[in-house]
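A.B. asks: Before we start, here is the structure in question, set down as structure tokens.
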Amino acid sequence: MATQSTLKNMLLCLTLVCLVCAAILGGAYAMTYKPIQQANDNILKASIGAVLPEGGTISDQKTASFGGRNYTYYEQLSGDAVKAYAVKSSTTGFGGTLELMVGVLPDGTVNSTRVLSHSETPGLGAKCQTDAKFIDQFKGLGPDKLVKLRADGGDVDAITASTITSRAYTLAVSNAVEVVKSLKKEN
Amino acid sequence: MEYLLIIISAIFVNNILLSQFLGICPFLGVSNKLSTATGMSGAVCFVITLATIVTYLINKYLLLPFGLEFLQTIAFILVIAALVQIVEIVLKKISPSLYQALGIFLPLITTNCAVLGVAITVVTKEFAYGGAEPHLLNLGEATVYALATSVGYGIAMILFAGLREHLAGNQVPQAFKGLPIALITVGIMAMAFLGFSGIV
Amino acid sequence: MSKWSLVTKGFVKDNPTFVLVLGMCPTLATTTSAINGLEMGLATLFVLVLSNMAISALAPLVPDKVHIPVYIVVIATFVTVLQLLMQAYMPAAYATLGLFIPLIVVNCIVLGRAEAFANKNTVIDSALDGLGVGLGFTLSLTVIGLVREILGSGSAFGFKFIPGDGILAFVMAPGAFLVLGYLMVLFNKYLKK
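Protein chains in written order, with the numbering used here: chain A, 155 to 341; chain B, 380 to 579; chain C, 3 to 195.
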């Protein structure tokens, strides 16, 4: 029933199948290109919106370097004045990279934080994404209160049984605050 | 230092079989005997490392410059399939004894998801070791990662084959015979490997 | 074999997870909750039905010696289409399932059905076969996910009904092996003829 396996047939068949598949994929890629950009954009916008106070417009992506690393950040503008910054900050947690979006006011006060991606232990470190008691205590820290765990001499209570995750989270937030402070100095 | 962290992390902390669940089918299939498990581990080690280097280069110099990332899956699986064939032919020619040891496992490796899994992971996932900035691996790191991952595969496989040889002689209830008791044993092994988490 | 039994055989008789023991990697890796298991199952179902149909249509034209590469190209194409669609319209699910979406290419169930069924049956029958096997796979993954979710986080399909943390080991890697092992025992004891 199958076509004979001559060299000509095999080459022809493989070439045709590859061409057709490539065409289908090219079409699918072209069709989904915009929606994928849109979806990624929405996720980013939602995470920026979640950590900043309401109102104002969000600037394009900018980069700042601090402590030998590059940070991506966004400015929230009202008129010409910068109302707040959203800084993408990542550290190493218990299971891998922990990436946060941190909203910081120009004087270095933390507004709010949100986890972008993590690979912490489900049910333990992964609580840093949902545990409101942990997340809410960052609000208002920064200028005079230290962004550090209580065990390290600061004011943040760690998540029970997840000190490493909590410390990584806290470090990511305090790095973001330092980035904003260094930005203010430059201007 | 970073290479050391990659190695420890890939072998123990993020063991490909016991915590990432890649390559489970051959793991359960050929781990009945220690000798076949060793052969399979050797073949997997060889193919994963080679395939990762080749797919890494293809991704960097062919797919990315032309904006063809969406062809990644299809290109990688074809490269792996072709590579396995070539390895088989070359091995048969230059080292019949090695071919005898690994040869029968080679055709099985194309559909071993560990190979494709590692190849995709090294070009898409950002790694951060020891507090460094998360970054995609460079060729050297990718090679070390692939080699260490496959060594981890081999270690888990050989340990498990040893356990399974003992299991075969034991009386277990009818419904547990074969795979179920094997899976439960792997579960307990995975628990032991959980003890490594957090050290890197 | 009647059309109906083509669809239902995947549930118990030829269940891809508990009887044929195929596609173990996604079965273990993505079943941390019932929803994740369901999503992974449906993603595989999508590829299975389409690739079965395409391969049964192509099979008579493909020379024997190159049939495996041709099948792999066809399967990989559908997997990539699925990847693109999920990135565009279900970014959250794509982020959770991650690596295991492209790995559907090497899921032995898909190539296995192409070899064992689709290349010698009609397009309609192959579609039904893909649907049946895919549904069986989805069912198994959802059940495993449900058990792990209940034991590990005290919730079902995201609804929490047991306060507290649950037995964390079941959400982590060892739980996957243990739950699958014990479910297989129950399956052998009560359902297998």
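Virtual Cβ for every residue (Gly too), placed ideally from N, Cα, C. Everything numeric in this text was worked out from a predicted model, so none of it was measured.
In the segment 30-56 of chain C, which residues sit with their C-beta less than 8 Å from some C-beta in chain B, listed in chain order?
C.D. replies: Against chain B - using a Cβ distance shorter than 8 Å - the residues of the segment 30-56 of chain C are Leu30, Ala31.
A.B. asks: Of the choices B:Pro405, B:Tyr440, B:Val433, whose alpha-carbon is the least far from that of B:Val423?
C.D. replies: Measuring from the Cα of B:Val423, the nearest candidate turns out to be B:Pro405.
A.B. asks: Look up A:Thr216 in the DSSP assignment and say whether it is helix, strand or coil.
C.D. replies: One point to set straight first is that residue 216 of chain A is Lys, not Thr, in the sequence displayed. Of the three classes helix, strand and coil, the one that applies to A:Lys216 here is strand, per DSSP.
A.B. asks: Could you please tell me which residues of the segment 10-24 of chain C, in chain order, have their CB closer than 8 Å to any CB of chain A?
C.D. replies: For the segment 10-24 of chain C, which is checked against every Cβ of chain A, not one residue is closer than 8 Å.
A.B. asks: State the Cα-Cα distance for the pair B:Phe572 and C:Gly168, rounded to the nearest angstrom.
C.D. replies: Whole-angstrom Cα-Cα distance: 21 Å.
A.B. asks: Cβ of B:Ile563 less than 8 Å from any chain C Cβ?
C.D. replies: Yes, because at least one Cβ of chain C sits closer than 8 Å to the Cβ of B:Ile563.
A.B. asks: Less than 8 Å between the CB atoms is what I'm expecting for C:Gly39 and C:Thr32, so what's the real figure, rounded?
C.D. replies: About 6 Å separates the two Cβ atoms, so the contact holds.
A.B. asks: How far does the alpha helix (DSSP H) with A:Gly181 in it reach, from first residue to last?
C.D. replies: Residues 161-205.
A.B. asks: Pull up the DSSP beta-bridge partners for A:Arg223, would you.
C.D. replies: BP columns for A:Arg223 point to A:Phe220.
A.B. asks: Any idea which residues DSSP pairs A:Met255 with across the strands?
C.D. replies: Answer by DSSP bridge pairing, in chain order: A:Lys242, A:Arg268.
A.B. asks: With 16 other CB atoms within 10 Å as the buried threshold, where does A:Gly257 fall?
C.D. replies: A:Gly257 comes out buried.
A.B. asks: Could you check where the alpha helix (DSSP H) with C:Cys110 kicks off and where it finishes?
C.D. replies: 110-118 is the span of the alpha helix (DSSP H), which, as asked, contains C:Cys110.
A.B. asks: Can you pull the chain C neighbours of B:Pro559, defined as C-beta to C-beta under 8 Å?
C.D. replies: Within 8 Å Cβ-Cβ: Gly183, Tyr184, Met186, Val187, Asn190.
A.B. asks: Using the rule of at least 16 other Cβ atoms within 10 Å of the residue's Cβ for burial, across every protein chain shown, is A:Thr217 buried or exposed?
C.D. replies: That one is exposed.
A.B. asks: Check whether the Cβ of A:Phe248 lies closer than 8 Å to any Cβ atom in chain B.
C.D. replies: Output row for A:Phe248: interface = yes.
A.B. asks: Rounded to a whole number of angstroms, what is the C-alpha to C-alpha distance between B:Gln399 and C:Ile106?
C.D. replies: B:Gln399 and C:Ile106: Cα-Cα distance of roughly 15 Å.
A.B. asks: Going by C-alpha to C-alpha distance, which of C:Gly25, C:Lys15, C:Pro71, C:Thr34 sits closest to A:Leu170?
C.D. replies: Among C:Gly25, C:Lys15, C:Pro71, C:Thr34, the Cα nearest to that of A:Leu170 belongs to C:Pro71.
A.B. asks: Can C:Ala95 be considered in contact with the ligand SAM, in the sense that its beta carbon sits closer than 7 Å to one or more heavy atoms?
C.D. replies: Ligands displayed in this structure: none; no statement on the ligand SAM is therefore possible.
A.B. asks: Which residue's Cα is closest to the Cα of B:Ala498: B:Ala535, B:Tyr478, B:Thr452, B:Pro475?
C.D. replies: Cα-wise, what sits closest to B:Ala498 is B:Thr452.
A.B. asks: Buried or exposed for C:Asp131, please, with buried defined as at least 16 other CB atoms from any protein chain shown within 10 angstroms of its CB.
C.D. replies: Label assigned to C:Asp131: buried.
A.B. asks: Shortest alpha-carbon distance to B:Thr415 belongs to which of B:Met536, B:Pro559, B:Val433?
C.D. replies: The candidate whose alpha carbon is nearest that of B:Thr415 is B:Met536.
A.B. asks: Enumerate, from N- to C-terminal direction, the unbroken alpha helix (DSSP H) stretches of 4 or more residues contained entirely within the segment 408-454 of chain B.
C.D. replies: Complete alpha helix (DSSP H) runs here, min 4: 413-437.
A.B. asks: Among B:Leu397, B:Gly418, B:Met570, B:Ile427, whose alpha-carbon lies nearest the alpha-carbon of B:Ala521?
C.D. replies: Comparing Cα positions, the closest option is B:Ile427.
A.B. asks: Helix, strand or coil: how does DSSP classify A:Ser316 here?
C.D. replies: Here A:Ser316 sits in coil by DSSP.
A.B. asks: So, at 8 Å on beta carbons, what are the nonlocal neighbours of A:Gly249 in its own chain, with the 5 sequence-adjacent residues on each side left out?
C.D. replies: The answer, listed in chain order, is His272, Ser273, Glu274, Thr275, Gly279.
A.B. asks: Starting from C:Gly168, find everything on chain A with Cβ-Cβ shorter than 9 Å and list it in chain order.
C.D. replies: The answer, in chain order, is Gly277.
A.B. asks: Unbroken alpha helix (DSSP H) runs of length 4 or more, entirely within the segment 14-65 of chain C: which are they?
C.D. replies: Complete alpha helix (DSSP H) runs here, min 4: 26-31, 36-60.
A.B. asks: Determine which residues share a DSSP beta bridge with A:Gln230 and list them.
C.D. replies: Its beta-bridge partners are A:Ile212, A:Ala238.
A.B. asks: According to DSSP, simplified to helix, strand and coil, what is B:Phe400?
C.D. replies: DSSP places B:Phe400 in coil when its eight states are reduced to three.
A.B. asks: What are the partner residues of C:Ala158, as DSSP defines its beta bridges?
C.D. replies: DSSP, once it has assigned bridges, lists C:Phe161 as partnering C:Ala158.
A.B. asks: Hey, how far is the Cα of C:Ile77 from the Cα of C:Ala129?
C.D. replies: If you take the alpha carbons of C:Ile77 and C:Ala129, they lie about 14 Å apart.
A.B. asks: Using only CA atoms, which one of A:Leu303, A:Ile313, A:Ala193, A:Leu206 lies nearest to A:Thr284?
C.D. replies: If we check each option's Cα against that of A:Thr284, A:Ile313 comes out closest.
A.B. asks: Could one say the Cβ of B:Cys424 lies closer than 8 Å to chain C's Cβ atoms, at least one of them?
C.D. replies: Answer no: the Cβ-Cβ gap between B:Cys424 and chain C never drops below 8 Å.
A.B. asks: Take B:Ala547 as the anchor and find which of B:Phe455, B:Leu401, B:Lys412, B:Glu512 has the nearest alpha-carbon.
C.D. replies: It is B:Lys412.
A.B. asks: So is C:Phe179 in contact with chain B if we call contact Cβ pairs under 8 Å?
C.D. replies: Yes, C:Phe179 lies at the interface with chain B (some Cβ there is under 8 Å from its Cβ).
A.B. asks: Any idea if A:Glu332 is buried or exposed, counting beta-carbon neighbours within 10 angstroms, 16 or more meaning buried?
C.D. replies: So A:Glu332 ends up on the buried side.
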